[in-house]
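To convert a position in the sequence shown, counted from 1, into our numbering, add 38. Working notes for the structure below.
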Amino acid sequence: MSDETTILLCIATPLAGAVLIAITGSRPNLREAVTLVTAGVVFGLVASLFPQVLDGGRPAAIMGEMLPGLAIAFEVEPLGMMFAGIASFLWIVTSVYSIGYMRGHHEHNQTRFYIYFAVAIASAVGVAFAANMMTLFVFYEVLTLSTFPLVTHHGTDEAKRAGRVYLGILLGTSIGLQFIAVIWTWTLAGTLDFTEGGILRDKASPAVVGVLLALYVFGIGKAAVMPFHRWLPAAMVAPTPVSALLHAVAVVKAGVFTVLKVIVYIFGFDFLAQVASGNWLLYVSGFTIVAASVVALRSDNLKRRLAYSTVSQLSYVIMAAAILTPLSAMGAALHIATHAFGKITLFFCAGSILVASHKTLVSELDGIGRRMPWTMAAFAIGAFSMIGIPPTVGFVSKWYILRAAMEAEQTFAAAVIVLSTLLNAGYFLPIVYAAFFRAAPAEPATAGGPALGAEVGNGGLPRNHGHRREGHGEAPLTVVLALTVSAAGILFLFFFPDLPFALARQLAGVAG
39 MSDETTILLC IATPLAGAVL IAITGSRPNL REAVTLVTAG VVFGLVASLF
89 PQVLDGGRPA AIMGEMLPGL AIAFEVEPLG MMFAGIASFL WIVTSVYSIG
139 YMRGHHEHNQ TRFYIYFAVA IASAVGVAFA ANMMTLFVFY EVLTLSTFPL
189 VTHHGTDEAK RAGRVYLGIL LGTSIGLQFI AVIWTWTLAG TLDFTEGGIL
239 RDKASPAVVG VLLALYVFGI GKAAVMPFHR WLPAAMVAPT PVSALLHAVA
289 VVKAGVFTVL KVIVYIFGFD FLAQVASGNW LLYVSGFTIV AASVVALRSD
339 NLKRRLAYST VSQLSYVIMA AAILTPLSAM GAALHIATHA FGKITLFFCA
389 GSILVASHKT LVSELDGIGR RMPWTMAAFA IGAFSMIGIP PTVGFVSKWY
439 ILRAAMEAEQ TFAAAVIVLS TLLNAGYFLP IVYAAFFRAA PAEPATAGGP
489 ALGAEVGNGG LPRNHGHRRE GHGEAPLTVV LALTVSAAGI LFLFFFPDLP
539 FALARQLAGV AG
């Protein structure tokens with residue numbers, strides 16, 4: 039099979055899978071089998087491109103031409119290879135998780151969920167393999183539109199409000215800011231192709247560079263740099279597998295991936311380092327890291343705490359890129375991978391807790407580790423990775439970013455990393471401690487009806503009617519299997535980091 043065919047199939051296969059999911063929607067077992075097979079095939083296709091990219095090759099394909107000299111085109115370079123590999127592998131894991139979660143939580147519209155999930159993965163792969171900024175922009179927008187029905191999945195007033203915030207911020211920033219930057223870049227450089235060293239050198243004044251950089255960074259709303267971050271916590275109303283998609287598999291990764299790709303291939307590290315007008319990015323990203331960590335520290339709702347943790351962790355990638363050294367580029371690329379595995383594990387655990395015990399607040403988790411040891415052990419591993427404690431892979435990326443900050447004498451960045459790490463510990467370690475070392479509250483008697491003070495829904499039934507009773511062990515097997523695999527990935531990548539390291543070195547131009 040030719041490289042061009044493989045690349046196009048990486049995008050077409052999940053779209054074909056979405057059609058088959060729609061056709062088999064009335065037969066859940068077959069529908070979910072189609073989802074798993076499609077995810078496996080996509081990962082196999084993506085993985086087949088790894089050897090060539092590692093050897094320095096750049097597989098390419100052209101879908102068609104929009105304007106003379108501006109094609110919808112794809113080229114697989116190291117950063118895109120890493121992003122596509124992460125997204126396609128974690129789609130398999132998330133699909134396994136979704137089967138247990140969607141059934142265990144008795145979610146409606148499950149066929150629609152799997153259809154749009156598949157379309158979102160196709161869009162993410164399109165973003166990853168884009169050869170120019172216009173191609174990336176097109177798939178970036180499709181990713182926004184395909185995830186909107188997932189955010190509003192429940193159809194409640196709260197979900198609809200969240201969807202309006204989600205769509206309003208992401209479309210508003212991309213069309214109102216990012217698209218202007220794309221057109222301006224085309225006007226200045228005469229090309230939008232991603233090129234090593236950038237395309238804007240000697241094409242723009244320092245003042246123009248500063249404005250363009252702001253348009254890109256704030257126009258890439260999926261990166262959640264403050265103040266354009268509110269869509270992320272708002273979207274937590276969606277089912278947990280959607281939260282995993284937003285935070286780890288596709289959406290936010292598409293954001294920080296795009297920012298890093300713009301800095302590396304549109305501006306170029308050397309060119310940005312020569313102009314002072316881009317220095318503000320270091321401070322804006324540093325502020326986002328600390329401010330979001332403080333909000334997470336004060337949040338009792340578990341998913342909200344994880345959401346603001348994501349806002350903070352994403353800006354590690356932005357801040358690392360803003361240091362503008364090869365070592366910091368490595369750290370930024372590695373953190374995309376480490377955050378993906380760490381955060382998807384944490385969201386998987388939050389969903390497992392919800393399915394098995396219907397708890398959503400951090401203050402309700404005392405002793406839950408004794409009833410759900412697999413879930414909370416995985417949560418501890420994910421939390422340690424977010425903090426940066428070895429032997430989790432989160433330590434590796436944080437170490438490289440800190441090293442880069444120290445070598446570049448960026449005291450502010452180093453201080454932000456130290457302070458935010460302490461804040462990470464402050465909002466994660468108490469959860470782990472409470473889960474394993476505090477006694478669970480006594481369960482109220484249930485004989486004769488709902489417990490005193492139980493939340494009651496329509497018809498006088500407890501709101502957990504139809505679900506497993508609180509305190510009776512783990513979530514469904516597929517849920518526990520998925521979170522165990524993702525947690526194992528955190529440890530595996532610490533001890534065997536060769537593949538992400540090789541891709542990160544190629545991106546940064548660092549010799550092995």
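C-beta atoms are modelled at their ideal positions from N, C-alpha and C, and glycine is treated no differently.
Assign residue i to one of three DSSP states: helix, strand, or coil.
| i | result |
| --- | --- |
| Phe232 | coil |
| Gly547 | coil |
| Met140 | helix |
| Gly509 | Caution applies to Gly509, whose pLDDT of 46 falls short of 50 and renders its modelled position unreliable; the value that the coordinates give is listed next. If DSSP states are grouped into helix, strand and coil, Gly509 belongs with coil. |
| Ile110 | strand |
| Ala168 | strand |
| Asn147 | coil |
| Asn339 | strand |
| Leu47 | helix |
| Leu399 | strand |
| Thr182 | helix |
| Glu70 | helix |
| Leu58 | helix |
| Thr430 | coil |
| Pro116 | helix |
| Arg566 | Residue 566 falls outside the range modelled here, since the chain spans only 39 to 550, and no answer is possible. |
| Val79 | helix |
Anyone know if the C-beta pair for residue i and residue j falls short of 9 angstroms?
| i | j | result |
| --- | --- | --- |
| Val517 | Gly142 | yes |
| Ile237 | Phe379 | no |
| Thr132 | Pro277 | no |
| Phe121 | Ala160 | no |
| Val157 | Leu53 | yes |
| Ile391 | Ile406 | yes |
| Val275 | Ser337 | no |
| Gly63 | Pro364 | no |
| Arg476 | Asp404 | yes |
| Leu205 | Thr229 | no |
| Ala197 | Ala162 | no |
| Leu457 | Val287 | no |
| Tyr152 | Ala242 | no |
| Glu234 | Val294 | no |
Got a sec? Which residues, its chain only, sit under 6 angstroms from residue i by beta carbon, not counting five neighbours each side?
| i | result |
| --- | --- |
| Ala330 | Tyr346, Val349, Ser350 |
| Gly102 | Ile110 |
| Val300 | Tyr254 |
| Val79 | Thr51 |
| His267 | Val349 |
| Ser184 | Tyr154, Val157, Ala158, Ser161 |
| Phe13 | An answer regarding residue 13 cannot be provided, because it is not within the stretch 39 to 550 covered by the chain. |
Mark residue i as exposed unless 16 or more other C-beta atoms lie within 10 angstroms of its C-beta, in which case mark it buried.
| i | result |
| --- | --- |
| Glu512 | buried |
| Met39 | exposed |
| Val134 | buried |
| Asp231 | buried |
| Leu105 | exposed |
| Val322 | buried |
| Gln593 | The chain is shown from 39 up to 550; residue 593 falls before or after that span and cannot be answered. |
| Pro538 | buried |
| Thr225 | exposed |
| Arg69 | buried |
| Gly118 | buried |
| Ile61 | exposed |
| Gly164 | buried |
What are the boundary residues of the alpha helix (DSSP H) that includes residue i?
| i | result |
| --- | --- |
| Leu105 | Careful: Leu105 lies outside any alpha helix (DSSP H), inside the beta strand (DSSP E) at 98-105. |
| Leu521 | 515-533 |
| Leu253 | 244-257 |
| Thr383 | 364-395 |
| Tyr465 | 449-475 |
| Glu196 | 195-211 |
| Ile221 | 217-227 |
| Leu92 | 88-92 |
| Leu310 | 307-312 |
| Gly407 | 406-409 |
| Ala282 | 278-282 |
Just to confirm my understanding: we take residue i, look at its own chain, exclude 5 residues before and 5 after, and list those with CB closer than 8 angstroms. What are they?
| i | result |
| --- | --- |
| Ala98 | Asp41, Glu42, Ile45, Ala111, Phe112, Glu113, Val114, Ala169 |
| Ile425 | Gly432, Thr459, Asn462, Ala463, Phe466, Leu467 |
| Phe32 | Limits of the chain in this structure are 39 at one end and 550 at the other, which puts residue 32 out of reach. |
Less than 7 angstroms between C-beta atoms, sequence neighbours within five positions excluded: which residues of the same chain meet that for residue i?
| i | result |
| --- | --- |
| Gly369 | Ala358, Ser435, Tyr438, Ile439, Ala442 |
| Ile257 | Residue 257 is actually Gly in this sequence, not Ile. Within the same chain, Gly257 has close Cβ partners Thr211, Ser212, Leu215, Gln216, Ala219. |
| His377 | Gln351 |
| Arg14 | Since the first residue of the chain shown is 39 and the last is 550, residue 14 is not available in this structure. |
| Leu208 | Thr182, Gly259, Lys260, Trp269 |
| Leu83 | Thr44, Leu47, Cys48, Thr51 |
| Arg96 | Glu113, Val114, Glu115 |
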